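Residue numbers (the numbering used here): 6 to 254.
Here it is, written out as structure tokens:
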């Protein structure tokens, strides 16, 4: 593995990657049982003169960097993330595309679970800040997303709060908060034909939304529970909120 490469593990993730962008696979490694299930992929790699190889489990674990490789590892190039252009935002708004904004989600596994939820509900655009606490797409993200990474596009902005302010003329921006927010309540205007589409903002696992990010949102909501536990895991909260704002469209 080179510094600019990622390993995509698991048959579901590799098949989704192949279906979306077969040319992205640079090399492919798999164990014997999995090899019997990927003839089409191997044939395409052979035609493209790319490496594909059946290897022993110990070698596959070494290539993957984890025991959770699911019998197959595709090596891809790690792509840089660019900021959305103004025309991108206008196009998303015209298409009424839902947006998911992540404020310093630090755990790669949480990021993967959120990506899987986003893909499930048809959220194709995820925006993250250029911040040292923010996890970026990794091998673990691909594995946990179970093919979801092939269905979403990541963008990265310098300041999430500033981007939200630029977004608000086109989107209704809703931030998820643990305290200081109204209980989650569906509003009739969110389904009106002329209403703005929703951009949902989720905050850091420990600290939640940064104050400047929360202040930039149109409104804040919280998920009410029994009170026995303060809050949901951010990935679980993402599933609840994506269903509420995107799944019931």
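All residues carry an ideal CB built from backbone N, CA and C; glycine is no exception.
Note that the coordinates shown come from a computational prediction; the quantities given were computed from them, not determined experimentally.
Looking at the DSSP output, residue 14 bridges to 78.
Taking residue 224 as reference, the option from 231, 230 and 216 with the minimal CA-CA separation is 216. In the DSSP annotation of this structure, the continuous segment of the beta strand (DSSP E) that includes residue 134 starts and ends at 130-134.
Just measuring C-alpha positions, the residue of 156, 150, 151 and 202 sitting nearest residue 172 is 202. For residue 31, the enclosing beta strand (DSSP E) stretches over residues 30-35.
Secondary structure at residue 224: strand, using DSSP grouped into helix, strand and coil. If you draw a straight line from the Cα of residue 99 to the Cα of residue 165, it is about 22 Å long.
Here residue 129 has 102, 156, 157 and 158 as same chain residues with Cβ atoms under 7 Å from its own Cβ, once five neighbours each way along the sequence are excluded.
Note on geometry: alpha-carbon atoms of residue 131 and residue 104 lie some 6 Å from one another. Remark: C-beta atoms of residue 113 and residue 140 approach each other more closely than 8 Å. The DSSP-derived three-state label of residue 237 is coil. Only residues of its own chain outside the window of five on either side were considered, and among them 59, 60, 61, 62, 65, 76 and 77 have a CB closer than 8 Å to the CB of residue 36, listed in chain order. Between the stretch 117-129 and the stretch 241-254 there are three or more inter-stretch CB-CB distances shorter than 8 Å, so the stretches are counted as touching. If you look at residue 104, you'll find it in the beta strand (DSSP E) that goes 104-108.
For residue 51, the enclosing alpha helix (DSSP H) has its first and last residue at 44-52.
The bridge partners DSSP lists for residue 209 are 213.
Residue 110 is a Cβ neighbour of residue 239, given a cutoff of 8 Å.
The C-alpha of residue 20 lies about 17 Å from the C-alpha of residue 143.
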